[in-house]
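**Q**
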Amino acid sequence: MNAHFSLELKKMLRDKGLVFWTLLLPIFFIVIFASIFGNQSSTTSLTLHVVVTDSTTLTDPFIEQLQHIDTIDLEQIDSTHSTNELLESGDISTLLEINGEQLTLHYDGTQEDTAGALYGIIDNVSQQLHLQVSQQNVSNAVSEEAFTDEWFAAPFQLEAVTIDDQSVDAITHIVPGYAVMFTFFICISMVSSLLKDLRQGMISRLATSPKHPLHYLLGKWCAFIVVVLLQLVILLSFGWLVYDVQIGNLMAIFTLSLFLSMTATAIGLLISMAVRSENSGIATTQVLALGGAIVSGLWMPIEFMPNFVQQASVFFPQYCSSSIFRSHGIKWNTCEYFSFISDIASVYNHLPSNRSLSLSSFPPGCGLTR
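As numbered in our numbering, residues 494 to 863 make up the sequence shown, in order.
1) If you compare alpha carbons, which of 599, 721 and 741 is closest to residue 819?
2) Spell out the partners DSSP gives residue 599 in its beta bridges.
3) Given residue 600, which residues of its chain have a CB within under 6 Å of its CB, disregarding the five upstream and five downstream residues?
4) Here's the rule: buried if 16 or more other CB atoms are within 10 angstroms of the residue's CB, otherwise exposed. What is residue 780?
5) How many angstroms separate the CA atom of residue 679 from the CA atom of residue 767?
6) Taking the beta strand (DSSP E) that residue 708 falls in, what are its first and last residues?
7) Suppose you measure from the CA of residue 812 to the CA of residue 718; what does that come to, to the nearest Å?
8) Which word fits residue 627, buried or exposed, when buried means at least 16 other C-beta atoms lie within 10 angstroms of its C-beta?
9) Can you say whether residue 675 is buried or exposed, counting buried as having 16 or more other CB atoms within 10 angstroms of its CB?
10) Just checking my contact of residue 617 with residue 547 at CB under 8 Å: how many whole Å lie between their CB atoms?
11) CB residue 750 to CB residue 783, shorter than 8 Å?
12) Which same chain residues end up closer than 7 Å to residue 549 when comparing Cβ atoms and leaving out the 5 residues on each side of it in sequence?
13) Taking the continuous alpha helix (DSSP H) assigned at residue 540, which residues delimit it?
14) Leaving out five residues on either side along the sequence, give the residues of the same chain with a beta carbon under 6 Å from the beta carbon of residue 754.
15) Mapping the DSSP letters down to three states, classify residue 565 as helix, strand or coil.
16) Would you say the beta carbon of residue 666 is closer than 7 Å to some non-hydrogen atom of the ligand MG?
17) Can you give me the start and stop residues for the alpha helix (DSSP H) that residue 667 sits inside?
18) Note down the Cα distance separating residue 521 from residue 777, rounded to an integer number of angstroms.
19) Give the straight-line distance between the Cα atoms of residue 596 and residue 589, rounded to the nearest whole angstrom.
20) For residue 681 and residue 690, which I take to be in contact (beta-carbon distance under 8 Å), what is that distance rounded to the nearest angstrom?
21) Does DSSP classify residue 502 as helix, strand or coil?
22) Do the CB positions of residue 743 and residue 672 come within less than 8 Å of each other?
23) Return the chain-ordered list of same chain residues with a C-beta closer than 7 Å to the C-beta of residue 804, the five sequence neighbours on each side being excluded.
24) Grab the span of the alpha helix (DSSP H) containing residue 798 for me, first residue to last.
25) Count the other C-beta atoms from every protein chain shown that fall within 10 angstroms of the C-beta of residue 499, then say buried if there are 16 or more, exposed otherwise.
26) Going by C-alpha distance, which of 773, 665, 539 and 712 is nearest residue 496?
Given below as structure tokens:
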């Protein structure tokens, strides 16, 4: 077993394709997606164009209050153009028309979510301005400021508190997500290695030796487990050094990485025994790695997926691994480590059965069945 383990490691170190699938390609994906989504601000600004066709005494205070809202980028435009011309030109998607006391929000049909948010803000500002005017009128009539303040006092006081949690952002989702996704690309190298040994006659020679064939599979399996562990260490270290991703509890990260490596390589052995050509192995791995990554929420948050996809994702090892990476491993403290053992069982359950190491799974006549 040790001889097969050492031999397999030496062969993998000389394999340039393995370096591409396990390191270069995932780092490329991490850099590309991090540059796209990593610099997005948490505060979204809504653009609102305003045209005034007829003004009143409250028009200027109303526009001034809209300008003081941080989430609105207000821009006044000339009233000589019609609203239909402005919207049909495609230059703007939302337009607020102020015609005396009438407020009309025109918007593109594809911007219903933005228009809904703007409608709520505009209506709230209008109600606040109406309340201020009413309060001023009552104060002038009663001449008692204390009574006016008590009469118009709000029944509830709302306060917004922002929690600045730097450990959860787009980068925190991207780095462990793609690290998990590309661990399953090791199946391509496993298929290529096993089929190459079959073509070169190594398996036939092993069948005539006194060594038990199971030692060959275990040595190859352990070698690929070490490679996947090194892959996860390098990718997570890259995220920590370049993007300042908080690693958290190292023992939890190592335990999850070990179980994930066992899962990916066991599936790789299963694919290697099931396929008859290298192209079939690559196709099967692509479907498993890319399809599982999409369903498991590695490309986009699982909350954005339909309900049936969210329910099906729990059966994929990628979902279990990435969710534990983000919710536990990335920001754990030491005391929470023990609860991780129960969670990691969900990943371990995705290991293929012992049939993945069954010698009868090899193609007939390969020389490895007894």
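Don't be surprised by glycine CBs; every beta carbon is placed ideally from N, CA and C. Model, not experiment: these values are computed from the prediction.
**A** If we stick to the structure as given:
1) As a position in the sequence shown, residue 819 is number 326, starting the count at 1. Residue 741 is the option with its Cα nearest to residue 819.
2) Indexing the sequence shown from 1 puts residue 599 at position 106. Looking at the DSSP assignment, residue 599 forms a beta bridge with 588.
3) For the purposes of this step, residue 600 is taken as residue 107 along the sequence shown, with counting starting at 1. Counting only Cβ-Cβ distances below 6 Å, and skipping sequence neighbours, we find 587 and 608.
4) Position 287 of the sequence shown, counted from the first residue, corresponds to residue 780. Under a 10 Å Cβ-count criterion, residue 780 is classified as exposed, with fewer than 16 other Cβ atoms of the shown protein chains found around its own Cβ.
5) Stepping through the sequence shown from its first residue, residue 679 is reached at position 186. Stepping through the sequence shown from its first residue, residue 767 is reached at position 274. Taking the CA atoms as reference points, residue 679 sits about 16 Å from residue 767.
6) For this step, residue 708 is matched to residue 215 along the sequence shown. It is not in any beta strand (DSSP E) - residue 708 instead sits in the alpha helix (DSSP H) that spans 706-736.
7) Position 319 of the sequence shown holds residue 812. Position 225 of the sequence shown holds residue 718. If you take the alpha carbons of residue 812 and residue 718, they lie about 20 Å apart.
8) Here residue 627 refers to the residue found at position 134 of the sequence shown. Exposure of residue 627 is indicated by the presence of fewer than 16 other C-beta atoms within 10 angstroms of its C-beta.
9) Taking the first residue of the sequence shown as position 1, residue 675 is located at position 182. The residue in question, residue 675, is buried, as its Cβ has 16 or more Cβ neighbours within 10 Å.
10) Residue mapping note: residue 617 aligns to position 124 of the sequence shown, counting from 1. Residue mapping note: residue 547 aligns to position 54 of the sequence shown, counting from 1. That pair is no contact at about 23 Å.
11) Numbered from 1 along the sequence shown, position 257 holds the residue referred to as residue 750. Numbered from 1 along the sequence shown, position 290 holds the residue referred to as residue 783. Going by beta carbons, residue 750 and residue 783 fall outside the 8 Å limit.
12) Walking along the sequence shown from the start, residue 549 turns up at place 56. Closer than 7 Å at Cβ, skipping near neighbours: 593 and 594.
13) Translated into positions along the sequence shown, residue 540 becomes position 47. No alpha helix (DSSP H) contains residue 540, which is instead part of the beta strand (DSSP E) from 539-547.
14) As a position in the sequence shown, residue 754 is number 261, starting the count at 1. Same-chain partners within the cutoff: 718, 721 and 722.
15) The residue labelled residue 565 in the question sits at position 72 within the sequence shown. Shown here, residue 565 sits in a strand according to DSSP, grouped into three states.
16) For the ligand MG, the structure offers nothing, since it holds no ligand at all.
17) As a working note, residue 667 is residue 174 in the sequence shown. Segment 663-676, the alpha helix (DSSP H) holding residue 667.
18) Looking up residue 521 in the sequence shown gives position 28. Looking up residue 777 in the sequence shown gives position 284. Distance between the alpha carbons of residue 521 and residue 777: 23 Å.
19) Sequence index remark: in the sequence shown, residue 596 carries index 103 (1-based). Sequence index remark: in the sequence shown, residue 589 carries index 96 (1-based). Across the structure, residue 596 and residue 589 are spaced so that their CA atoms are roughly 7 Å apart.
20) Locating residue 681 in the sequence shown gives position 188, counting from the first residue. Locating residue 690 in the sequence shown gives position 197, counting from the first residue. In fact, because the Cβ distance is near 15 Å, the residues do not count as touching under 8 Å.
21) By 1-based counting over the sequence shown, the position of residue 502 is 9. The answer is helix: DSSP assigns residue 502 an H, G or I state.
22) As a position in the sequence shown, residue 743 is number 250, starting the count at 1. As a position in the sequence shown, residue 672 is number 179, starting the count at 1. In this structure, residue 672 does not lie closer than 8 Å to residue 743 by Cβ.
23) Residue 804 sits at position 311 when you count from the first residue of the sequence shown. Around residue 804, the same chain offers no residue with a beta carbon nearer than 7 Å, after the five sequence neighbours per side are excluded.
24) Position 305 of the sequence shown holds residue 798. Element bounds for residue 798: n/a, residue is neither H nor E.
25) If you number the sequence shown from 1, residue 499 lands on position 6. So residue 499 ends up on the exposed side.
26) Locating residue 496 in the sequence shown gives position 3, where the first residue counts as 1. With distances taken between Cα atoms, residue 496 lies closest to 712.
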